[in-house]
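Enquirer: Okay, here's the structure, questions in a sec.
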Amino acid sequence: MSSQNYKDFFEEAIKQIREEMNANNQSDEFTLWFNMDYVEDTLSQITVSVSSEFMWIQMNSKKYVQRLEDKINELTGQQISITHIVKNKQTVSVPKKEPLPEPETKTTEPEIVHQVEKKSGPTENSHKKHPQLNENFTFETFVPGENSIYAYNASISAAKNPGKAYNPILIYGGVGLGKTHLMQALGNFIYSNNEKSKIAYTSAENFTNEFTASLKNQTIDNFKKKYRSLDVLLLDDIQFLEGKEGTQEELFHTFNSIYDKNGQIVFTSDRPIKELKGFTERISSRFSRGLNVDLQPPNYENRLAIIQKKLELLHKSIPQDVIEYIAKNCQTNVRDIESCITKSIGFAELVGKPLTVEIAQNQLRDTINDPYSGTITIENIQKVVAEHYNVSVADLKSKKKDRKFVIPRQISIFICCSLTEYSTTEIGNEFGGRDHTTIMHARDKVESLLKTDSSMNSTVNLLIRATKDFRK
């Protein structure tokens with residue numbers, strides 16, 4: 001395919017994303033985060049130019065780069081990755097600060113916090129980029145604490161001894177706690193030490209779609225060869241496979257093929273195995289065969305360390321009182337903490353003022369000024385709505401189309417869109433793997449009803465208040 005054709009696909013992808021975001025009242029976000037220029041391409045990679053390294057890191061953390069890659073891959077039918085150059089690269093000096101105290105790391109086995117070894121050969125930061133892995137997701141950029149030390153240690157052990165130590169690994173926990181980071185860090189570490197390793201990272205949804213397409217197109221043998229010949233399989237969000245017996249059957253054989261030749265397998269899920277429904281007994285037994293580790297929201301000391309690491313990666317420095325303000329008030333997950341940092345720094349830089357606690361309070365008032373808003377999660381919203389309508393959270397995530405389930409599901413989605421900053425794709429993942437267009441439809445449906453249905457209006461307002469008062 002010619003360079004010109006890739007440029008055409010790039011421009012078409014940008015156009016489609018702009019239309020999607022405009023329809024979702026996100027035109028400002030599009031203008032900010034998709035401010036990039038096409039530069040060149042190779043057979044499997046497109047290079048774009050962006051205004052700063054800070055901008056590129058944020059585009060990755062918000063998954064906008066992944067969204068663009070997915071759109072281009074959808075249009076081309078090929079696996080294309082995107083890399084970048086900085087238009088006018090500038091060096092930012094960072095004042096030296098006293099290091100923060102190391103967070104306590106109380107843990108059960110494995111007891112010792114592993115240090116990623118520095119080698120004279122390839123390292124995590126110098127190796128060729130794996131096309132499916134985020135190069136920013138390494139063990140060095142992950143900040144372990146009491147909430148994550150067990151999963152962190154296990155992942156490093158498996159990365160150093162793939163297929164031998166802790167195989168398979170299932171990492172489970174809520175949104176934004178670092179499951180994908182640890183999974184991809186493991187893959188990056190293995191690839192940095194052996195670029196011949198056959199590694200695949202994919203979501204359970206993509207695995208399902210690919211499997212279904214291979215059946216339809218009569219290319220199932222190619223699908224089997226692709227996945228069963230892997231050395232490392234990294235499968236994200238396995239909860240999406242609930243009730244999908246055909247895909248589970250294929251994954252069962254894929255698992256056996258990789259496991260039997262001592263390949264490494266890593267899964268992530270939003271909840272532990274015992275809470276996953278609609279899985280066959282034998283695939284559940286495969287998930288449970290190795291090590292199951294969880295990630296919890298970070299405590300105060302760990303939040304301080306996360307903020308310091310984020311600032312280090314961004315080559316930024318902010319006042320200590322602002323750091324402490326964010327750490328004390330943003331208590332949900334790593335993703336929200338990073339969002340608070342980005343918002344605060346971004347606004348201060350845009351207006352050309354030093355960042356102060358007052359500026360941070362003003363910019364983050366919708367997130368952390370309300371003493372309850374820091375604990376608003378998709379899971380909490382689902383629990384509140386499910387209890388009100390006397391249905392289960394599993395019903396909200398299911399494909400059931402009875403009105404008794406559809407209405408509370410749509411209201412849950414509307415409240416998630418209203419009270420959280422998660423994207424429609426992320427919200428969809430927490431509602432049984434629904435795509436972002438389905439989430440937008442549900443949100444818009446409720447929004448429309450609120451204009452004419454006073455009863456609906458009262459119910460939604462009641463549930464919003466209950467969500468803000470919710471204590472886990």
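Under UniProt numbering, the first residue of the sequence shown is numbered 1, with each subsequent residue one higher. Note that beta-carbon positions come from the ideal geometry of N, C-alpha and C, so glycine has one too.
1) Take the Cβ of Ala23 as the centre, count every other Cβ of all protein chains shown within 10 Å, and call the residue buried at 16 or more, exposed below.
2) Give me whichever residues DSSP pairs with Ala200 in a beta bridge.
3) Could you spell out the range, first to last residue, of the alpha helix (DSSP H) harbouring Thr254?
4) What are the boundary residues of the beta strand (DSSP E) that includes Asn73?
5) With three or more C-beta pairs closer than 8 Å as the rule, is the segment 202 to 209 touching the segment 289 to 300?
6) Cutting at 8 Å between CB atoms, please list the residues of its own chain near Lys353, excluding the five before and the five after it.
7) At the level of alpha carbons, what is the spacing between Leu462 and Ile368?
8) Between the beta-carbon of Leu355 and the beta-carbon of Ile318, is there less than 7 Å?
9) Please list the terminal residues of the continuous beta strand (DSSP E) segment that includes Phe267.
10) State yes or no: is the C-beta of Lys128 within less than 7 Å of the C-beta of Thr268?
11) Below 6 Å CB to CB, which residues in the same chain sit around Gly243 once its five sequence neighbours on both sides are set aside?
12) Please look up how many angstroms separate the CB atoms of Arg286 and Thr254, rounded, as I've assumed it's under 8 Å.
13) Could you compute how far the alpha carbon of Glu20 sits from the alpha carbon of Glu69?
14) Nearest-angstrom Cα distance between Asp336 and Leu311?
15) If you drop the 5 nearest sequence neighbours on each side, which residues of the same chain put their C-beta closer than 6 Å to that of Ala159?
16) Considering only C-alpha positions, which residue in the set Lys261, Ile273, Val385 and Leu251 is nearest to Phe211?
17) At a Cβ threshold of 7 Å, is Phe10 touching chain D?
18) So, under 8 Å CB-CB, His441 and Gly428 are touching, yes? Tell me the CB distance rounded to an integer number of Å.
19) Just curious, the beta strand (DSSP E) that Glu338 is in, first and last residue?
20) Could you tell me which residues DSSP puts in a beta bridge with Asp37?
21) Hey, would you say Val143 sits closer than 7 Å to Lys309, going by beta carbons?
22) According to DSSP, simplified to helix, strand and coil, what is Tyr166?
23) To which residues of the same chain is Gln248 closer than 7 Å at the C-beta, ignoring the five residues directly before and after it?
24) Touch check for the segment 149 to 169 and the segment 262 to 276: three-plus C-beta pairs under 8 Å?
25) Which class does Ser44 belong to by DSSP, given the choice of helix, strand or coil?
26) Would you call the CB atoms of Pro408 and Val393 closer than 7 Å?
27) In the DSSP assignment, what residue or residues form a beta bridge with Gly173?
28) Is it buried or exposed for Ala305, if we count other Cβ within 10 angstroms and need 16 for buried?
29) According to DSSP, is Thr425 part of a helix, a strand, or is it coil?
30) Taking C-beta to C-beta, are Lys383 and Gly432 nearer than 7 Å?
31) Which class does Val322 belong to by DSSP, given the choice of helix, strand or coil?
32) Hey, could you find the ends of the beta strand (DSSP E) Thr437 is sitting in?
33) Alpha carbon to alpha carbon, how far is Asp231 from Arg67?
34) Taking just the CA atoms, how far does Lys62 sit from Gly290?
Expert: Working from what's here:
1) As a first step, residue 23 is located in the sequence shown; it is residue number 23 there, counting from the start. Exposed, because fewer than 16 other Cβ atoms sit within 10 Å of the Cβ of Ala23.
2) On the sequence shown, position 200 is the one that residue 200 refers to. The partner list for Ala200 (beta bridge, DSSP) reads Leu233.
3) Counting from 1 along the sequence shown, the entry for residue 254 is found at position 254. Note, Thr254: alpha helix (DSSP H), Glu245 to Asp260.
4) Within the sequence shown, the letter at position 73 stands for residue 73. No beta strand (DSSP E) contains Asn73, which is instead part of the alpha helix (DSSP H) from Tyr64 to Thr76.
5) no
6) Translated into the one-based positions of the sequence shown, residue 353 becomes position 353. Closer than 8 Å at Cβ, skipping near neighbours: Ile359.
7) What you label residue 462 is simply residue 462 of the sequence shown in a count that begins at 1. What you label residue 368 is simply residue 368 of the sequence shown in a count that begins at 1. In a straight line, the C-alpha of Leu462 is about 21 Å away from that of Ile368.
8) Along the sequence shown, read from residue 1 onward, the residue named residue 355 stands at position 355. Along the sequence shown, read from residue 1 onward, the residue named residue 318 stands at position 318. A contact, by the Cβ cut-off of 7 Å.
9) Mapped onto the sequence shown, residue 267 falls at position 267. Where Phe267 is concerned, the enclosing beta strand (DSSP E) stretches over Gln264 to Ser269.
10) Looking up residue 128 in the sequence shown gives position 128. Looking up residue 268 in the sequence shown gives position 268. No, Cβ-Cβ distance for Lys128 and Thr268 is not below 7 Å.
11) Numbered from its first residue, the sequence shown carries residue 243 at position 243. Only Gly278 meet the Cβ criterion.
12) For the purposes of this step, residue 286 is taken as the residue at position 286 of the sequence shown. For the purposes of this step, residue 254 is taken as the residue at position 254 of the sequence shown. The Cβ separation is near 10 Å, so there is no contact.
13) The sequence position of residue 20 within the sequence shown is 20, counting from 1. The sequence position of residue 69 within the sequence shown is 69, counting from 1. Answer to the nearest angstrom: the Cα atoms are 15 Å apart.
14) In the sequence shown, residue 336 corresponds to position 336, counting from 1. In the sequence shown, residue 311 corresponds to position 311, counting from 1. So the two alpha carbons sit approximately 15 Å from each other.
15) In the sequence shown, counting from the first residue as 1, residue 159 sits at position 159. If we look at Ala159 and ignore the five residues flanking it on each side, its Cβ neighbours are Leu186, Phe189 and Ile190.
16) Here residue 211 corresponds to residue number 211 of the sequence shown, with the count starting at 1. The candidate whose alpha carbon is nearest that of Phe211 is Leu251.
17) In the displayed structure, chain D is absent; only one protein chain is listed.
18) Your numbering for residue 441 matches position 441 in the sequence shown. Your numbering for residue 428 matches position 428 in the sequence shown. Not confirmed; about 11 Å, so no contact.
19) Looking up residue 338 in the sequence shown gives position 338. Careful: Glu338 lies outside any beta strand (DSSP E), inside the alpha helix (DSSP H) at Val334 to Val351.
20) In the sequence shown, the residue the question calls residue 37 occupies position 37. Partner(s): Ser49.
21) Taking the first residue of the sequence shown as 1, we reach residue 143 at position 143. Taking the first residue of the sequence shown as 1, we reach residue 309 at position 309. Yes.
22) Counted from its first residue, the sequence shown places residue 166 at position 166. Here Tyr166 sits in coil by DSSP.
23) The residue given as residue 248 occupies position 248 in the sequence shown. Once the five neighbours on either side are set aside, the close Cβ partners of Gln248 are Leu241, Phe279, Thr280 and Ile283.
24) Yes, the segment 149 to 169 touches the segment 262 to 276.
25) Numbered from 1 along the sequence shown, position 44 holds the residue referred to as residue 44. Three-state DSSP puts Ser44 in coil, outside helix and strand.
26) Locating residue 408 in the sequence shown gives position 408, counting from the first residue. Locating residue 393 in the sequence shown gives position 393, counting from the first residue. No. Outside cutoff.
27) On the sequence shown, position 173 is the one that residue 173 refers to. By DSSP's assignment, Gly173 forms a beta bridge with Leu295.
28) Within the sequence shown, the letter at position 305 stands for residue 305. By the neighbour-count rule (16 or more Cβ atoms within 10 Å), Ala305 is buried.
29) Taking the first residue of the sequence shown as 1, we reach residue 425 at position 425. Residue state, collapsed to three classes: helix.
30) Residue numbering aside, residue 383 sits at position 383 when the sequence shown is read from its first letter. Residue numbering aside, residue 432 sits at position 432 when the sequence shown is read from its first letter. No, the Cβ-Cβ distance between Lys383 and Gly432 is not below 7 Å.
31) As a position in the sequence shown, residue 322 is number 322, starting the count at 1. In this structure, Val322 counts as helix in the three-state DSSP scheme.
32) Position 437 of the sequence shown, counting from 1, holds the residue named residue 437. Counting along the chain, Thr437 falls outside any beta strand (DSSP E), though it belongs to the alpha helix (DSSP H) covering His436 to Leu450.
33) As a first step, residue 231 must be located in the sequence shown, where it is residue number 231. As a first step, residue 67 must be located in the sequence shown, where it is residue number 67. Distance between the alpha carbons of Asp231 and Arg67: 27 Å.
34) If you number the sequence shown from 1, residue 290 lands on position 290. If you number the sequence shown from 1, residue 62 lands on position 62. Approximately 31 Å, taken between the alpha carbons.
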